[in-house]
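Anchor point for the sequence shown: position 34 equals 27 in the working numbering, and the numbering is continuous, going up by one each time.
Comments concern the structure below.
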Amino acid sequence: MGKRSMDLKDHIRTVLDHPIPGIEFRDITSLVEEPMAFNQTLIQLTANCMDFKVDTIIGVESRGFVFGSPIARDLEVPFVMARKPGKLPNETFSKEFKLEYGETELHIQKISPIKGKVVVIDDLIATGGTALACADLIHENFDISKEDILILAVIDLPDLGGSAIINEQGYNVQTLVEFEGK
């Protein structure tokens, strides 16, 4: 008997009006809490990384850590954390960017072993600000060409335009599932 294909969307909970009224929040906790769905997600993300011939994986704080670190372990490539301000102990490169509700920045340690083809992993692409900031940070400070950077996420919200913006900026982008709306 063959394996049935699993629809990951069935394992991603939608929470209405979170964090503000009118938002349909796509909650990946329901995905990672279900071992078979989490495993299938990791298998699919790993396949994308292998197809891209990844040399370094960057996980965006904090949900990118959940997906990126087991993939880096399995592929035996470095896992580098892109973190919020004040979270890394060594000198960092940083990139400021806008969020829907303000501004923040991402940091990567200057001593991080970033080389070759780089995959930036996060849980979701909405407006693309976080992913784009991370990709720009890598491109500008670690001498990695835009063509050698892949933004990889579990969920895409194409109505918010983030993936299109990332592509327009010259980066690669791939996601596993799409949800309409915001």
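Note that the Cβ used here is the ideal one computed from N, Cα and C, for glycine as well.
Only counting the same chain, and skipping five residues up and downstream in sequence, which positions put a Cβ closer than 6 angstroms to that of residue i?
i: Glu84; result: Lys103
i: Pro151; result: Glu171
i: Asn134; result: Phe86
i: His11; result: Phe18
i: Phe90; result: Gly122 and Ala126
i: Arg76; result: Glu54 and His100
i: Pro71; result: Thr49 and Pro106
Who are residue i's beta bridge partners in DSSP?
i: Ser156; result: Bridge partners of Ser156: none, in fact.
i: Thr97; result: Phe90
i: Ile144; result: Val113 and Val166
Beta-carbon within less than 7 angstroms of residue i's beta-carbon, same chain only, minus the 5 sequence neighbours each way: which residues are those?
i: Glu176; result: The requested residue 176 is not part of the displayed model; the chain covers only -6 to 175.
i: Phe58; result: Gly52 and Met74
i: Phe45; result: Lys110, Val112 and Leu143
i: Ala30; result: Met(-1), Leu1, His4 and Leu24
i: Asp67; result: Thr39
i: Tyr164; result: Ala128, Lys139, Ile142 and Ile144
State the DSSP-derived secondary structure class of residue i, mapped to helix, strand or coil.
i: Thr120; result: coil
i: Met74; result: strand
i: Gly(-5); result: Per-residue confidence for Gly(-5) stands at a pLDDT of 42, beneath the threshold of 50, marking its modelled position as unreliable; no derived number is given.
i: Phe18; result: strand
i: Val8; result: strand
i: Val166; result: strand
i: Glu54; result: coil
i: Asp149; result: strand
i: Glu133; result: helix
i: Glu161; result: helix
Name the residue from the options whose alpha carbon lies nearest to the alpha carbon of residue i.
i: Pro63; options: Thr39, Leu1, Gly95 and Asn165; result: Thr39
i: Ser105; options: Asp141, Asp3, Met29 and Ser87; result: Ser87
i: Leu145; options: Val25, Ile5 and Thr34; result: Thr34
i: Pro78; options: Glu54, Pro14, Leu92 and Arg66; result: Glu54
Should residue i go down as buried or exposed, given a rule of 16 or more other Cβ atoms within 10 Å for buried?
i: Thr22; result: exposed
i: Gly(-5); result: Because Gly(-5) sits at a pLDDT of 42, beneath the cut-off of 50, its placement in the model cannot be relied upon, and the following sentence gives the value as read from the coordinates. Gly(-5) should be labelled exposed.
i: Met74; result: buried
i: His100; result: buried
i: Asn160; result: exposed
i: Ile36; result: exposed
For residue i, collect the residues of the same chain with a Cβ closer than 8 angstroms to its Cβ; drop the 5 residues on either side in sequence, then sort them by chain order.
i: Leu117; result: Arg19, Ile21, Arg56, Ala146, Val147, Ile148, Asp149 and Leu150
Quick one: is the Cβ of residue i within less than 7 angstroms of any heavy atom of the ligand MN?
i: Leu125; result: This structure lacks the ligand MN, and indeed carries no ligand of any kind.
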